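*Asks:*
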Amino acid sequence: MYDRIWETIKQFDKIIIHRHISPDPDAMGSQLGLARIIKENYPEKWVKCVGYSEPSLSWIGTMDEVYNDEYEGALVIVTDTANSQRIDDSRWKNGHTLIKIDHHPDVDAYADINHVDTSSAAASEIIMHMFRHLKEKHQLMLPKEAALSLYAGIIADSGRFLYDSTTVNTLKVVQDLYEMDIDRDFVHANLYKRRMNVVQAEGYVLSNFQSSGSIIYVKMDQAIQKSFKLTTGTRAALVGSLANIEGYDIWVFFFENEDGQIRANIRSRGPKINHIAAQFDGGGHPKASGAMLAAWEDCDRVIAALAEA
Ligand code: AMP
């Protein structure tokens, strides 16, 4: 599959890379990491990355402007995105050929070439496996900037190697990245710096969570989020604040979006929960999923379904 993907990349002069909405470090890391590898090794190619430029992740990189007509005849690659509804920028279908590279459960084979490896802790890890497989045959170089973005994706999505998605293969590619002498401290400082408004919001979370059986959860409406100046990008940092509490295997954040829909971030240290998220317009990994609810009343249905799990 790696050979097939690379041969396809070599055939196209124009390549546009997408990833999922509400980007996290692995979405941005895999997208920009792949783009940077292609640009370094084929400088004559026109390679662009599209999607919302999340300000809190601008240290990984920023997005490009791409005009509609530039999709004509282009290769489009989508990283880290399980289903087509979650691809950031609806023009993903306007290219000539489409490749999907992902590590989420394979629920939607939306591309012409679908490479899904659920054994990888991060989509960025898959890009590194592909690079390792191809580097000698194609004499490929890994630029430092690419290594840095892929390292960020792997560290973030493996929870600094704490999640059980981390494998020996994860560590093997991280060994390569360590050997490149990238500025790991820069990555760690950016990934784990705690913004004061988020710390203050944590105070709210710890004072206002509710529980039901072994599930712990908190609801944050728009007014509360605004009072702490939270954005969709920065509020994600709160999700760990209800982790690992003794007696509670599952924790959930319900955030009201500006359009009134409720975004649920669901995490587990016990049962798999992604099939529950899938019942509520969501999905994700067995122990880290997201869902979208039409109204506050639906939260109780999510809690009941999780209790069942
Ligand atoms: P989050 O709770 O947003 O951090 O997401 C946790 C995991 O679930 C990530 O891998 C997301 O890509 C995935 N995910 C979140 N929301 C959805 C959704 N609505 N549909 C499918 N997957 C999702």
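Residue numbers (my numbering): 83 to 391.
Cβ coordinates follow ideal geometry from the N, Cα and C atoms, glycine included.
For clarity, every value in this text was computed on a predicted model and none was experimentally measured.
(1) Going along the chain, which residues of its own chain have a beta-carbon closer than 7 Å to the beta-carbon of E227, five neighbours each way excluded?
(2) Quick check on DSSP: helix, strand or coil for I236?
(3) Check S309 in the structure and name its three-state DSSP category.
(4) Can you give, in chain order, each stretch of the beta strand (DSSP E) that sits fully within the segment 163–231 and has at least 3 residues?
(5) How about K130 and I120: do their beta carbons lie closer than 8 Å?
(6) To the nearest angstrom, report how far apart W141 and V160 are at their CA atoms.
(7) Please list the terminal residues of the continuous alpha helix (DSSP H) segment that includes N123.
(8) Is the separation between the beta-carbon of I327 and that of L388 shorter than 8 Å?
(9) So, helix, strand or coil for E261, using DSSP?
(10) Return the bridge partner residues of R383 from the DSSP annotation.
(11) Report the three-state DSSP secondary structure of A360 (helix, strand or coil).
(12) Which one of D246, K217, L253 and R383 has the shortest CA to CA distance from Y233?
(13) For the ligand AMP, is there any heavy atom lying closer than 7 Å to the beta carbon of A204?
(14) For the ligand AMP, I want to know if N123 counts as a neighbour, meaning its beta carbon is within less than 7 Å of at least one of the ligand's heavy atoms.
(15) Tell me the DSSP secondary structure of Q343 in three-state form.
(16) Can you name the start and end residues of the alpha helix (DSSP H) that Y84 belongs to?
*Replies:* So, from the listed chains and residues:
(1) R118
(2) helix
(3) helix
(4) List check, beta strand (DSSP E) in window: 179–184 and 195–198.
(5) no
(6) 21 Å
(7) P107 to N123
(8) no
(9) Three-state DSSP puts E261 in a helix.
(10) DSSP output for R383 lists no bridge partner at all.
(11) Residue state, collapsed to three classes: helix.
(12) Of the listed residues, the one whose Cα sits closest to Y233 is L253.
(13) no
(14) Of the heavy atoms belonging to the ligand AMP, none sits nearer than 7 Å to the Cβ of N123.
(15) coil
(16) Y84 to Q93 is the extent of the alpha helix (DSSP H) around Y84.
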